[in-house]
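Undergrad:
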Amino acid sequence: MVACGIRNAQGKRQKLNAVETLLEQHSDAPRQRMEKRQALEDAKEELRLKKREVELKEERKKREAEQSSIALAIQQVQLEAAKRSVTTGS
3 MVACGIRNAQ GKRQKLNAVE TLLEQHSDAP RQRMEKRQAL EDAKEELRLK
53 KREVELKEER KKREAEQSSI ALAIQQVQLE AAKRSVTTGS
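Residue 3 is where the sequence shown starts when you use the numbering used here, and the numbers rise one by one after that.
1) Just how far apart, CA to CA, sit A73 and L81?
2) Using only the alpha-carbon positions, how far apart do Q40 and E47 sit?
3) Measuring only the C-alpha atoms, how far is D30 from R50?
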């Protein structure tokens with residue numbers, strides 16, 4: 003009888019543990035959903051920032067190319083002016 007009572011108590015304890023585990027999992031579900039949602043938002047923000055970084059780099063390269071083009075045009079004008087002054091000076 004005592005052994006039967008012990009087994010009965012152990013079975014009840016196992017059921018109680020199972021119920022407690024289910025309750026913990028259930029109570030964690032909203033937190034887990036919130037964490038997943040936050041992780042998704044963080045990933046979206048990181049992607050947005052990386053895209054913006056690429057855009058800024060492209061804009062900088064474009065400005066640098068324009069500046070190089072302007073500098074080259076200035077040098078060509080100076081070279082032509084120097085050629086004219088050498089030609090007219092001789």
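Glycine included, every Cβ here is placed at the ideal spot set by N, Cα and C.
TA: From the atom records:
1) C-alpha of A73 to C-alpha of L81: approximately 12 Å in a straight line.
2) When the Cα atoms are used, Q40 and E47 turn out to be separated by approximately 10 Å.
3) Taking the straight line joining both Cα atoms gives about 30 Å.
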